[in-house]
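Heads up: the sequence shown runs through residues 0 to 174, numbered per numbering that gives the first Met the number 0.
Each residue gets a CB set at the ideal place from its N, CA and C atoms; glycine is no exception.
Model, not experiment: these values are computed from the prediction.
Working notes, structure below.
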Amino acid sequence: MISQKMIDALNQQIALEGYASYLYLSMSAWCDKEGLEGCKKFMRRQSEEERAHMLRIFDYLSETDSHALAPAIAQPPHEFESVQKMFEQVYAHEQKVTAAINKLISLCYEEHDHTTLNFLQWYVTEQREEEALMRNILDKIRLIGDGPQSLYYIDKEMEKINVQQLQSETQAEKA
Ligand code: OFO
Numbered sequence: 000m001i002s003q004k005m006i007d008a009l010n011q012q013i014a015l016e017g018y019a020s021y022l023y024l025s026m027s028a029w030c031d032k033e034g035l036e037g038c039k040k041f042m043r044r045q046s047e048e049e050r051a052h053m054l055r056i057f058d059y060l061s062e063t064d065s066h067a068l069a070p071a072i073a074q075p076p077h078e079f080e081s082v083q084k085m086f087e088q089v090y091a092h093e094q095k096v097t098a099a100i101n102k103l104i105s106l107c108y109e110e111h112d113h114t115t116l117n118f119l120q121w122y123v124t125e126q127r128e129e130e131a132l133m134r135n136i137l138d139k140i141r142l143i144g145d146g147p148q149s150l151y152y153i154d155k156e157m158e159k160i161n162v163q164q165l166q167s168e169t170q171a172e173k174a
């Protein structure tokens, strides 16, 4: 059994992961509209990953005999100034999520909740990897430039990342 304070905080995290899923879905639709197939696929996959992160907390709450609440999701933006600006928003959102996870970790210490602390370790690793990935993408975009001539090359880079992610998922499934 975990404390009500912890249950409330985890439900807030559900809402944040749910928003991330919708934000990335909206970004994927914008990329599609702009003809950026590689970016579209990447953002769609990120959206699905965020939904999985949300559901993981649902399942944890249910395992601990707590009540998971399906969140109200605010409308995400639909238009983005440029690919670079869009990825800057992604990176900022990931940093926000990392800060929220860190707050949850602090709460675990306050509440002496070792079970939730253990559960959240997966998120700590995931956020480190996601921030590194987004930073890497932003560095590439800054190097290539995101003017009209460069979009083709950015999209090709995103296709390469999609293939790498697919390969590492297949390897993880086989292991
Ligand atoms: Fe949910 O992993 Fe990023 O936000």
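Burial state of residue i (16 or more Cβ within 10 Å)
i, result
"residue 105", "exposed"
"residue 46", "buried"
"residue 53", "buried"
"residue 113", "exposed"
"residue 162", "exposed"
DSSP three-state assignment for residue i, whether helix, strand or coil
i, result
"residue 7", "helix"
"residue 85", "helix"
"residue 113", "helix"
"residue 146", "coil"
"residue 2", "coil"
Among the options, the one whose alpha carbon lies nearest that of residue i
i, options, result
"residue 86", "26, 162, 167, 51", "26"
"residue 253", "74, 2, 28", "This structure cannot settle anything about residue 253, because the visible part of the chain is limited to 0 through 174."
"residue 135", "98, 156, 80", "156"
"residue 126", "16, 173, 2", "16"
"residue 58", "88, 98, 92, 13", "13"
"residue 96", "166, 112, 130, 173", "130"
"residue 138", "83, 5, 61", "83"
Checklist entry - Hey, is the segment 29-37 in contact with the segment 102-118, meaning 3+ C-beta pairs nearer than 8 Å? => result Short answer: they don't touch.
Checklist entry - Would the segment 61-81 and the segment 3-10 be scored as touching if the rule is three or more Cβ pairs under 8 Å? => result The segment 61-81 vs the segment 3-10: in contact.
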